[in-house]
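Numbering follows my numbering, in which position 187 of the sequence shown is assigned residue number 284; successive positions increment by one, without gaps. Remarks on the structure that follows.
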Amino acid sequence: MGVPSFYRWLVNRYPKVVETAKEDASKPNPNGFELDNLYLDMNGIIHPCFHPEDILVQPTTYDEVFVSIFEYIDRIFLIVRPRKLLYMAIDGVAPRAKMNQQRSRRFRTAKDAEVMEAEEIKLRRKFEMEGKVVHPKLESEVSDSNVITPGTVFMQKLSCALEYYIHLKLNKDLLWKGIKVILSDANVPGEGEHKIMSFIRLQRNLHGYNPNTRHCLYGLDVDLIMLALATHEVHFYILREDVLVQTQDYSNIPTFERGLSKVEYESVKSRSWFKQLQEMKGGRAVVKKPYQFLNVSTLREYLKLDLMSPDMDPMDFERVVDDFIFMCFLTGNDFLPPLPSIDIHEGGIDLLVAVYKSEFKSMGGHLIDTTKMKEKKAAYIKAKTVERFIVALGSYEERIFQKRYKLRQRRLQRMSCEMLQSISLNDDQHDENTICDPVVTMKSERDNGYSVALDFELVDKNTKELNQELKEIIRKNSDIFREGVVDNDKARLGIPGWKARYYKEKFHAEHPNEMEIKRKEVVQKYAEGLCWVLQYYFAGVCSWNWYFPYHYAPFASDLKVPSFSDITFTIGTPFKPFDQLMGVLPPRSAHALPTPYGRLMTLEDSKIIDFYPNEFDIDMDGKRFMWQGIVKLPFIDEELLVSEMKILEPFLNEDESRRNETTFNKIFVRQTHDMGVQISSLNHRWCDLPKKGRMKVKEPIKGCGMNGFLCPGENRSENGVFASPVKGMDDVVVDNVLSAIFINPDFHEHIPRPLEGVNFPLSTITESDIEQRPLWHKYEGAKPPITIPHQIRCYGEN
Numbered sequence: 098m099g100v101p102s103f104y105r106w107l108v109n110r111y112p113k114v115v116e117t118a119k120e121d122a123s124k125p126n127p128n129g130f131e132l133d134n135l136y137l138d139m140n141g142i143i144h145p146c147f148h149p150e151d152i153l154v155q156p157t158t159y160d161e162v163f164v165s166i167f168e169y170i171d172r173i174f175l176i177v178r179p180r181k182l183l184y185m186a187i188d189g190v191a192p193r194a195k196m197n198q199q200r201s202r203r204f205r206t207a208k209d210a211e212v213m214e215a216e217e218i219k220l221r222r223k224f225e226m227e228g229k230v231v232h233p234k235l236e237s238e239v240s241d242s243n244v245i246t247p248g249t250v251f252m253q254k255l256s257c258a259l260e261y262y263i264h265l266k267l268n269k270d271l272l273w274k275g276i277k278v279i280l281s282d283a284n285v286p287g288e289g290e291h292k293i294m295s296f297i298r299l300q301r302n303l304h305g306y307n308p309n310t311r312h313c314l315y316g317l318d319v320d321l322i323m324l325a326l327a328t329h330e331v332h333f334y335i336l337r338e339d340v341l342v343q344t345q346d347y348s349n350i351p352t353f354e355r356g357l358s359k360v361e362y363e364s365v366k367s368r369s370w371f372k373q374l375q376e377m378k379g380g381r382a383v384v385k386k387p388y389q390f391l392n393v394s395t396l397r398e399y400l401k402l403d404l405m406s407p408d409m410d411p412m413d414f415e416r417v418v419d420d421f422i423f424m425c426f427l428t429g430n431d432f433l434p435p436l437p438s439i440d441i442h443e444g445g446i447d448l449l450v451a452v453y454k455s456e457f458k459s460m461g462g463h464l465i466d467t468t469k470m471k472e473k474k475a476a477y478i479k480a481k482t483v484e485r486f487i488v489a490l491g492s493y494e495e496r497i498f499q500k501r502y503k504l505r506q507r508r509l510q511r512m513s514c515e516m517l518q519s520i521s522l523n524d525d526q527h528d529e530n531t532i533c534d535p536v537v538t539m540k541s542e543r544d545n546g547y548s549v550a551l552d553f554e555l556v557d558k559n560t561k562e563l564n565q566e567l568k569e570i571i572r573k574n575s576d577i578f579r580e581g582v583v584d585n586d587k588a589r590l591g592i593p594g595w596k597a598r599y600y601k602e603k604f605h606a607e608h609p610n611e612m613e614i615k616r617k618e619v620v621q622k623y624a625e626g627l628c629w630v631l632q633y634y635f636a637g638v639c640s641w642n643w644y645f646p647y648h649y650a651p652f653a654s655d656l657k658v659p660s661f662s663d664i665t666f667t668i669g670t671p672f673k674p675f676d677q678l679m680g681v682l683p684p685r686s687a688h689a690l691p692t693p694y695g696r697l698m699t700l701e702d703s704k705i706i707d708f709y710p711n712e713f714d715i716d717m718d719g720k721r722f723m724w725q726g727i728v729k730l731p732f733i734d735e736e737l738l739v740s741e742m743k744i745l746e747p748f749l750n751e752d753e754s755r756r757n758e759t760t761f762n763k764i765f766v767r768q769t770h771d772m773g774v775q776i777s778s779l780n781h782r783w784c785d786l787p788k789k790g791r792m793k794v795k796e797p798i799k800g801c802g803m804n805g806f807l808c809p810g811e812n813r814s815e816n817g818v819f820a821s822p823v824k825g826m827d828d829v830v831v832d833n834v835l836s837a838i839f840i841n842p843d844f845h846e847h848i849p850r851p852l853e854g855v856n857f858p859l860s861t862i863t864e865s866d867i868e869q870r871p872l873w874h875k876y877e878g879a880k881p882p883i884t885i886p887h888q889i890r891c892y893g894e895n
């Protein structure tokens, strides 16, 4: 599900769910509410630190990335100020269902990087010919973001760096003094946000758990909103950057300072003009977007008023929340493609909500029952109800496709006229004598500190210009309409015969009987996918090996009579990190693997060479921008891949074997913490056990408001000193931190409703806060005319 798309829909429809996070280190807590547990979906921090946007000089070393990550966490921690727990979760090996999407993204990233490198070379030559001096392209450890995948050297070093950071903060920072810290690194299987949710689900309803625990989860992924709703915890906030904000704040480290010699710097540093230059935006500017709290309790209030009405009895609000999550799966997610007729930009979620409300009674009530997640025959899916709901949804398909096609044709006609005008204008201007702007080049003489500073300021300016031109070139190249490709809509949804064309183009089914066979296959697999995703969100992984084996979804009108009762899953086992790397990385990123593994991507006699095409199709059917296209890669043969990997495993060295192993969560506390005595005793009693033997010692956590088990940990300090693995950062010379292995409580059934004893916040949303827009297919144009007050409804109309 697109992050900006869903989030924009949410804040437009329910504007009071968000409030700006206040940042003021001088005050106790400027946000007006306290929070107990802070959970960090770490990949949402790692990526912007690895390849930050809108910053002139990119990081070139892993250590620079680590320092940025530390500063990022510092800022979030200061906003939230958790009182009990900090949980850092990095994406580990993902379920196979997610690996297909990861594979597509990484292959596309590699292809985009190749194109960008070629364009940058051309642009640098152009600037050189114009006499514009820019910062050189530096050798960099961080040129390939695909290393942000479990099993790489980068992820191993990141884990060590975060352990150091945790020790540093627990020892030095008073705000960290009384908290527990859990680190779930990339060698612990599972996506970061789902590891966090497993922790929350398994803490609930156990002795000592406070039903009024106040949670805060950081991350940009829309999944976090759905997952937070799925916990049925009332006191839950999501912290995220305001991705819709237009203005940004900057922290400045002007690059011209780095070009001055020590003598030059000393001579100019106190001058007023130099201080003014230091204050100018530019250089290695770290973009500081404002943060927002999304209040899940307020969202629950909106959903209660928006999705329920008195004439829809009997209705259980907690099940309405679950139904809403399930409906949103149909807009697409990381595991299933969206239904062709459901697009958030075209009011897709509004349509889902409208059909749900208008058809609630006739379809038989609620769509799912998450109290039955562990029952056989997919009892948690109300099969007949879901079928009626999707059939009702399918009745809108043709009108949606017709409008979509009509708007597309209008857009193409308008663009054709613009292109003709542009060609004519260029022809008129071609023979004119134009006067180029004078080019200012670097001065060779350095007669005073002022000219030196201006020179470096000019280099910064030129480099910014180069980066901006490069972005514009890439943007234009991604627009296939501007490249003259306009007739790329082969399926032509909305024109008679659209369904047959779709199955022919997308599934290569030529004849009616082939189409029917393929339709049934795809529908059944899609039904399996809905069950898999539902289990994943509400109970955890039900199969590590299941995946949807197609690039496209069926039509809503075809989702009739899927056999939910026949759907079962086998849990299986997660891939090893190197197996996943081989499953998701393109040949361009083979450097992230041990050499023998990487060769299997390129050697002609490799049995798995077909998994790694250098050229692959991107289906642009009906799309305008390259990033919208569907990457069509061959699906991995898991059995063949794993068998080839097993041949190589015995030849791994010790370090590579560590990168390829499965590990467990670690917990850290100060010695003075209530849990310190137990951890100290545990580690002392079992310190002589080998690493594998320690996992057999599982001791229940005693008190501390948290459940689970502890296993003896490894002491990374030597003589009370924790050595810094990050260049330029000091060792922790007096280390008072204890650590152990943390194991979640044993599995028990999740209760999908607020727990007994919870204190509900005062209601802040009223009927007047609920506004509806007309359904997208019912008005002319791409944008709705006006917002319709709550009292005016269009849900029952066709």
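No residue lacks a Cβ here, since even glycine has one placed at the ideal position from N, Cα and C.
Residue i and residue j closer than 7 Å at C-beta
i	j	result
E279	F839	Glu is not the amino acid found at residue 279; the sequence shown has Ile there. Yes, they are a contact pair.
L267	R767	yes
G289	D431	no
I335	L391	yes
S836	F761	no
A653	I478	no
G810	D832	no
A588	E607	no
A677	V190	For clarity, residue 677 is Gln in the given sequence; the question names Ala instead. Cβ distance < 7 Å, so Q677 and V190 count as in contact.
V829	L107	no
F635	T428	no
D447	R311	no
Y900	I173	A query on residue 900 cannot be resolved here, the shown segment of the chain reaching from 98 to 895 and no further.
Test: residue i CB closer than 7 Å to a CB of chain C
i	result
N243	In the displayed structure, chain C is absent; only one protein chain is listed.
Cβ neighbours of residue i in the same chain (closer than 7 Å, five flanking residues each side left out)
i	result
N309	H332, V855, N856
L303	N804, P842
L402	I862, E864, I867
Cβ neighbour criterion (16 or more within 10 Å) applied to residue i
i	result
D752	exposed
M226	exposed
C146	buried
Q510	exposed
I465	buried
I744	exposed
S754	exposed
N109	exposed
F672	buried
D785	exposed
N243	buried
S281	buried
I532	Only weak support is given to the placement of I532: the predicted model assigns it a pLDDT of 41, under 50, and the value that follows is read from those uncertain coordinates. Classification for I532: exposed.
N610	exposed
Residues that residue i bridges to, as DSSP identifies them
i	result
F765	V278, S836
R337	Q389
T117	Q389
I84	Only positions 98 to 895 of the chain appear in the structure, and residue 84 is not among them; the question remains open.
Beta-carbon proximity list for residue i, same chain, < 6 Å, skipping 5 on both sides
i	result
I497	S438, H874
K366	Note that K366 has pLDDT 48, beneath the 50 cutoff, so the model's placement of it is unreliable and the number below is only indicative. Here the set comprises nothing.
E354	Note that E354 scores a pLDDT of 49, beneath 50, so its modelled location is shaky; the value from the coordinates is reported in the next line. Closer than 6 Å at the Cβ level, and outside the excluded window around E354, lies no residue.
F604	K615
L590	F498
Q253	R756
Neighbourhood of residue i by C-beta, 8 Å cutoff - its chain only, sequence neighbours within 5 removed
i	result
V100	Low confidence applies here, because V100 scores a pLDDT of 47, under 50, leaving its location unreliable; read the following figure in that light. Closer than 8 Å at the Cβ level, and outside the excluded window around V100, lie L317, D318, V319, V340.
E211	R685
K622	F645, P646, Y647
Self-check item: the segment 454–462 contacting the segment 639–659, beta-carbon criterion three pairs below 8 Å
Solution: no
Quiz item: Counting Cβ pairs, one atom from each stretch, are 3 or more of them under 8 Å apart for the segment 703–711 and the segment 771–787?
Solution: In short, these stretches do not touch, since the Cβ pair count stays below three.
Practice problem: Please confirm if the segment 293–302 is in contact with the segment 263–277, defined as three or more CB-CB distances below 8 Å between the two stretches. | Solution: no
Exercise. Kindly confirm or deny that the segment 643–651 and the segment 612–629 touch, where touching means at least three C-beta pairs closer than 8 Å.
Key: Touching, per the Cβ criterion.
Quiz item: With a cut-off of 8 Å, do at least 3 Cβ pairs link the segment 688–701 to the segment 196–207?
Solution: Segments in contact, no.
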